[in-house]
Amino acid sequence: MKWYHQIVEKNDDITESQLEHQVMDKNSKYFGGITNQATGIPSPSHTGTCSVIGSWVCSYVNADAEYYHSHELAERMELALDYMLTQQHEDGTISPGWTNYHSPPDTAFIITGFAQIYWLLQKDGSRLAEKVNLFLKRTIPAMLTGGCHTPNHRWVLTSALSHLYTIFEDPALKERAEQWLQEGMDITKDGEWTERSNGIYNSVSNICLYHTASLLGKPALFQYIRENLDMMKFLVHPDGEVVTDYSGRQDLGNRYDLTPYHLIYHLMAYKDDNPQYMAMAELALDRLSEVGPVNNHLMLGYLSFPFLQEEKVEKAELPKEYEIFINENYPVKESLDKMDEVGHHSKIVHSSMHRSFGAQTVRYRKQNRSATIMGMNPSIFSLYNGKAKLLGTQIYTSFSPGVVEFDAIHRIEGGYRLSTTLEKGYTGPLPSSYTNQEGERSTWYLLPHQLRPPTHTQFLQISVDILKEENNWTIALQTDPLEDVFIQVVFIFNQEAMIRSDGVSEIDKNNHLWKDGQLNIRMGNDRMSISLGAYEHWQKSLGSMKSSENIQEYRVNVLSPVNKRFLITI
Numbered sequence: 027m028k029w030y031h032q033i034v035e036k037n038d039d040i041t042e043s044q045l046e047h048q049v050m051d052k053n054s055k056y057f058g059g060i061t062n063q064a065t066g067i068p069s070p071s072h073t074g075t076c077s078v079i080g081s082w083v084c085s086y087v088n089a090d091a092e093y094y095h096s097h098e099l100a101e102r103m104e105l106a107l108d109y110m111l112t113q114q115h116e117d118g119t120i121s122p123g124w125t126n127y128h129s130p131p132d133t134a135f136i137i138t139g140f141a142q143i144y145w146l147l148q149k150d151g152s153r154l155a156e157k158v159n160l161f162l163k164r165t166i167p168a169m170l171t172g173g174c175h176t177p178n179h180r181w182v183l184t185s186a187l188s189h190l191y192t193i194f195e196d197p198a199l200k201e202r203a204e205q206w207l208q209e210g211m212d213i214t215k216d217g218e219w220t221e222r223s224n225g226i227y228n229s230v231s232n233i234c235l236y237h238t239a240s241l242l243g244k245p246a247l248f249q250y251i252r253e254n255l256d257m258m259k260f261l262v263h264p265d266g267e268v269v270t271d272y273s274g275r276q277d278l279g280n281r282y283d284l285t286p287y288h289l290i291y292h293l294m295a296y297k298d299d300n301p302q303y304m305a306m307a308e309l310a311l312d313r314l315s316e317v318g319p320v321n322n323h324l325m326l327g328y329l330s331f332p333f334l335q336e337e338k339v340e341k342a343e344l345p346k347e348y349e350i351f352i353n354e355n356y357p358v359k360e361s362l363d364k365m366d367e368v369g370h371h372s373k374i375v376h377s378s379m380h381r382s383f384g385a386q387t388v389r390y391r392k393q394n395r396s397a398t399i400m401g402m403n404p405s406i407f408s409l410y411n412g413k414a415k416l417l418g419t420q421i422y423t424s425f426s427p428g429v430v431e432f433d434a435i436h437r438i439e440g441g442y443r444l445s446t447t448l449e450k451g452y453t454g455p456l457p458s459s460y461t462n463q464e465g466e467r468s469t470w471y472l473l474p475h476q477l478r479p480p481t482h483t484q485f486l487q488i489s490v491d492i493l494k495e496e497n498n499w500t501i502a503l504q505t506d507p508l509e510d511v512f513i514q515v516v517f518i519f520n521q522e523a524m525i526r527s528d529g530v531s532e533i534d535k536n537n538h539l540w541k542d543g544q545l546n547i548r549m550g551n552d553r554m555s556i557s558l559g560a561y562e563h564w565q566k567s568l569g570s571m572k573s574s575e576n577i578q579e580y581r582v583n584v585l586s587p588v589n590k591r592f593l594i595t596i
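Residue 115 in the working numbering sits at position 89 of the sequence shown; the count goes up by one each step and never skips.
Structure follows, in structure tokens:
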């Protein structure tokens with residue numbers, strides 16, 4: 027019962043704090059909505075007003091809550107629901123306000139939470155259930171015809187369709203869900219979803235497929251959830267932060283914890299009698315600050331699945347020492363080679379190709395030390411020693427201007443090798459059958475450039491060996507003999523880190539050229555050192571140099587051919 031009471035208390039705090047943010051001006055078009063503290067404008071989204079409605083309803087119907095059957099809260103809930111009905115378009119969708127206008131997937135996020143709210147209000151005997159039912163009923167046309175942007179949106183839509191089918195019993199809703207499910211699950215055997223979003227969208231896909239599997243009787247879907255939950259045990263740093271260094275979405279490089287995973291870990295722990303899932307559910311509550319969006323709302327989950335309130339599954343010790351190679355055998359190159367056969371020519375509207383799906387990642391942990399080696403990603407290596415953190419390591423070249431992403435990771439003696447071959451050349455004149463007469467005008471972008479014959483194509487082979495021995499890590503950078511390619515190795519640290527070196531000159535507040543000597547990094551009592559810097563050319567940056575208040579970067583300049591080793595001691 028400990029977790030349940032912890033969540034009830036947090037939900038009551040949120041309920042009270044959001045009362046003051048409700049728009050109470052009857053002349054405002056946002057009357058009843060909850061003001062977003064970042065934008066100043068209410069949003070009818072699953073993370074905005076709908077999340078607050080979720081908290082308020084839970085506090086209202088729960089006898090253990092501080093606001094149980096509060097008359098004032100009932101009035102506020104009604105205003106918020108009226109706001110949602112006025113914000114709903116004639117086609118049944120909502121527009122979050124910051125993007126995705128008339129959005130079926132954003133509406134689908136809401137449906138999963140609102141269906142649970144509907145059942146709770148109906149069970150409580152509240153007349154407000156009718157307003158929720160009306161909102162849900164209006165969404166049906168959009169759910170039967172609406173599409174998605176991203177891979178996870180498909181499972182958000184199937185969850186919404188499953189809930190609507192359960193309430194309204196229209197067979198067309200189930201058939202539409204089946205259409206999405208027939209596309210197959212976009213997950214590797216090691217448990218990684220297409221978007222590689224450990225901070226946000228893994229948990230979205232997981233919880234939505236749990237609902238779909240449960241409501242439509244699709245037990246095979248639970249296996250995909252298990253695969254991701256099993257993988258995530260190895261993608262958490264010792265301080266509870268989730269590894270986001272290689273995400274394909276907006277959580278990339280930002281700080282996230284396991285809170286969004288609590289509900290799905292607890293549900294699956296109960297389903298499978300799995301002690302490690304139970305331990306991960308406990309870890310997910312260590313930093314509880316929010317109860318989540320309405321589609322993955324912790325309090326809604328505990329009230330909708332009351333068996334969670336008992337914590338009946340035992341907890342096991344989680345792994346604290348491991349070395350695991352994620353997607354080691356996934357055929358990335360073979361999959362990418364097949365893209366030409368599909369016919370979309372690497373173009374997709376309103377979304378991303380997510381070409382890094384199945385990319386290889388190595389995770390290492392020993393107590394409070396945590397390292398990540400990443401392929402097909404702008405950062406290749408991060409290392410945490412307690413609070414002392416190397417957030418990322420990047421390599422830029424002038425050969426193919428910009429950051430280098432390595433195609434593959436291979437095991438070698440003592441560690442791993444990342445490798446790639448950069449290619450850059452020139453193109454000749456178009457065949458005469460595709461050109462105008464000499465001297466006539468032409469438009470560059472209307473020429474069939476794909477027909478130009480290549481000339482003077484050049485290649486640059488780059489490899490990085492990442493080796494570990496005792497408390498030392500080595501990053502060994504090598505190139506082929508091609509001369510005079512400008513290369514820059516960038517080490518990224520958080521802004522709070524205390525960094526000392528005699529061989530550094532400042533470019534600006536957060537960017538430095540590390541010309542010589544050793545970097546000494548300290549945070550509290552935790553330390554690491556890296557040696558040695560270099561300054562073989564004078565370029566300040568070979569890629570975009572974005573000043574950020576959250577990070578500081580140290581740049582090492584080398585000139586090809588390169589055989590450079592960095593020693594990291596912790």
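Glycine residues also receive a C-beta, built at the ideal position from the N, C-alpha and C atoms.
Hey, could you find the ends of the alpha helix (DSSP H) residue 418 is sitting in?
-> Numbered from 1 along the sequence shown, position 392 holds the residue referred to as residue 418. Not the alpha helix (DSSP H): residue 418 falls in the beta strand (DSSP E), residues 414-423.
Report yes or no: do the region 263-273 and the region 381-397 share at least 3 C-beta pairs separated by less than 8 angstroms?
-> yes
Please report the Cβ distance between residue 503 and residue 588, rounded to the nearest whole angstrom; I am assuming they are in contact, meaning their Cβ atoms lie under 8 angstroms.
-> The residue labelled residue 503 in the question sits at position 477 within the sequence shown. The residue labelled residue 588 in the question sits at position 562 within the sequence shown. In this structure, residue 503 and residue 588 form a Cβ contact; the two beta carbons are roughly 6 angstroms apart against a cut-off of 8 angstroms.
What residues in its chain sit with their C-beta under 8 angstroms from that of residue 267, if we drop five residues either side in the sequence?
-> Position 241 of the sequence shown, counted from the start, is the residue given in the question as residue 267. So the qualifying residues of the chain are 281, 282 and 283.
Kindly give me the distance between the Cβ atoms of residue 275 and residue 221, rounded to whole angstroms, as I take these residues to be in contact under 8 angstroms.
-> As a first step, residue 275 is located in the sequence shown; it is residue number 249 there, counting from the start. As a first step, residue 221 is located in the sequence shown; it is residue number 195 there, counting from the start. So it is a contact: roughly 5 angstroms between Cβ atoms.
Which two residues bound the contiguous beta strand (DSSP E) that contains residue 515?
-> Position 489 of the sequence shown, counted from the start, is the residue given in the question as residue 515. Start and end: 512-520.
Please go through the region 339-416 and give each complete beta strand (DSSP E) segment of 3 or more residues, from N-terminal end onward.
-> 347-352, 387-392, 395-400 and 407-411
Quick one: grab the DSSP three-state call for residue 276.
-> Taking the sequence shown and counting its residues from 1, the one referred to as residue 276 is at position 250. Here residue 276 sits in coil by DSSP.
Using 8 angstroms as the Cβ pair cut-off and three pairs as the minimum, do the region 317-326 and the region 72-84 touch?
-> Touching, yes.
In angstroms, rounded to a whole number, what distance separates the CA positions of residue 547 and residue 213?
-> Residue 547 sits at position 521 when you count from the first residue of the sequence shown. Residue 213 sits at position 187 when you count from the first residue of the sequence shown. Distance between the alpha carbons of residue 547 and residue 213 is about 38 angstroms.
Take every Cβ of the region 300-314, pair it with every Cβ of the region 342-352, and state whether three or more of those distances are shorter than 8 angstroms.
-> Counting C-beta pairs with one atom in each stretch, the region 300-314 and the region 342-352 have three or more that are closer than 8 angstroms, which means they touch.
Expected contact under 8 angstroms - CB spacing of residue 610 and residue 105 to nearest Å = There is no way to answer for residue 610, as the model of the chain reaches only from 27 to 596.
Count the C-beta pairs between the region 464-479 and the region 513-531 that are closer than 8 angstroms, then say yes if the count reaches three, no if not.
-> No, the region 464-479 does not touch the region 513-531.
Evaluate contact between the region 167-185 and the region 128-139, counting only Cβ atoms and requiring at least three cross-stretch pairs below 8 angstroms.
-> In the pairwise beta carbon analysis, the region 167-185 is classified as touching the region 128-139: at least three pairs are separated by under 8 angstroms.
Own chain partners of residue 45 with C-beta closer than 7 angstroms, once the 5 adjacent residues on each side are dropped = Position 19 of the sequence shown holds residue 45. Within the same chain, and ignoring the five residues on either side of residue 45 in sequence, the residues whose Cβ sits closer than 7 angstroms to its Cβ are 102.
Which residue comes first and which comes last in the beta strand (DSSP E) that contains residue 587?
-> Here residue 587 is taken as the residue at index 561 of the sequence shown, counted from 1. Looking at the DSSP string, residue 587 is not in any beta strand (DSSP E), and its letter there is neither H nor E.
Please classify residue 106: does DSSP put it in a helix, a strand, or coil?
-> To locate residue 106, count along the sequence shown from 1; it is residue 80. Helix at residue 106.
Would you mind stating whether residue 563 and residue 512 have Cβ atoms separated by less than 8 angstroms?
-> What you label residue 563 is simply residue 537 of the sequence shown in a count that begins at 1. What you label residue 512 is simply residue 486 of the sequence shown in a count that begins at 1. With respect to residue 512, residue 563 sits close: the two C-beta atoms are nearer than 8 angstroms.
On the three-state DSSP scale, how would you describe residue 80?
-> On the sequence shown, residue 80 is found 54 positions in, with the first residue counted as 1. Residue state, collapsed to three classes: helix.
Alpha carbon to alpha carbon, what distance is there between residue 364 and residue 380?
-> For this step, residue 380 is matched to residue 354 along the sequence shown. For this step, residue 364 is matched to residue 338 along the sequence shown. Answer to the nearest angstrom: the Cα atoms are 14 angstroms apart.
Just grab the DSSP bridge partners of residue 182 for me.
-> By 1-based counting over the sequence shown, the position of residue 182 is 156. BP columns for residue 182 are empty, so no partner.
Alpha helix (DSSP H) containing residue 149: first to last residue?
-> Stepping through the sequence shown from its first residue, residue 149 is reached at position 123. Looking at the DSSP string, the run of the alpha helix (DSSP H) that includes residue 149 is 130-150.
Rounded straight-line distance, which links the Cα of residue 166 to that of residue 160 = Along the sequence shown, one-based indexing puts residue 160 at 134. Along the sequence shown, one-based indexing puts residue 166 at 140. Residue 160 and residue 166: Cα-Cα distance of roughly 11 angstroms.
Local conformation of residue 450 per DSSP, three classes | For the purposes of this step, residue 450 is taken as residue 424 along the sequence shown, with counting starting at 1. Note: residue 450 maps to strand in three-state DSSP.
Note down the Cα distance separating residue 111 from residue 286, rounded to an integer number of angstroms.
-> As a working note, residue 111 is residue 85 in the sequence shown. As a working note, residue 286 is residue 260 in the sequence shown. Rounded to the nearest angstrom, the two C-alpha atoms are 27 angstroms apart.
Tell me whether residue 53 is buried or exposed, calling it buried when 16 or more other Cβ atoms sit within 10 Å of its Cβ.
-> Mapped onto the sequence shown, residue 53 falls at position 27. Answer is exposed; the Cβ neighbour count stays below 16.
Is the beta carbon of residue 569 sitting closer than 8 angstroms to the one on residue 542?
-> The residue labelled residue 569 in the question sits at position 543 within the sequence shown. The residue labelled residue 542 in the question sits at position 516 within the sequence shown. Contact: no.
Residues of its chain near residue 524, where Cβ-Cβ distance is below 6 angstroms and the 5 sequence neighbours each way are ignored = Against the sequence shown, residue 524 aligns to sequence position 498. Excluding residues up to 5 positions away in sequence, 548 lie with their Cβ nearer than 6 angstroms to the Cβ of residue 524 in the same chain.
Host alpha helix (DSSP H) of residue 235 (start-end) | Sequence index remark: in the sequence shown, residue 235 carries index 209 (1-based). Element bounds for residue 235: 227-242.
What is the DSSP secondary structure of residue 443, counted as helix, strand or coil?
-> The residue you call residue 443 lines up with position 417 of the sequence shown. Look at residue 443 here: in three-state DSSP terms it is strand.
Indicate whether the contact test is met: 3 or more Cβ pairs, each with one atom in the region 216-233 and one in the region 351-367, closer than 8 angstroms.
-> yes
Beta-carbon proximity check, residue 263 vs residue 410, cutoff 8 angstroms | The residue labelled residue 263 in the question sits at position 237 within the sequence shown. The residue labelled residue 410 in the question sits at position 384 within the sequence shown. Yes, the pair counts as a contact, with Cβ atoms nearer than the cut-off.
With respect to the alpha helix (DSSP H) encompassing residue 434, which residues constitute its N-terminal and C-terminal limits?
-> Indexing the sequence shown from 1 puts residue 434 at position 408. Note, residue 434: premise wrong, no alpha helix (DSSP H); beta strand (DSSP E) at 434-438.
Tell me whether the beta-carbon of residue 500 lies closer than 8 angstroms to the beta-carbon of residue 555.
-> Position 474 of the sequence shown holds residue 500. Position 529 of the sequence shown holds residue 555. The answer is no: Cβ separation not under 8 angstroms.
Coarse secondary structure for residue 116, derived from DSSP in three states | Walking along the sequence shown from the start, residue 116 turns up at place 90. Coil at residue 116, not helix or strand.
Please list the segments of the alpha helix (DSSP H) lying wholly inside the region 241-269, counting only runs of 4 or more residues, in order along the chain.
-> 247-258
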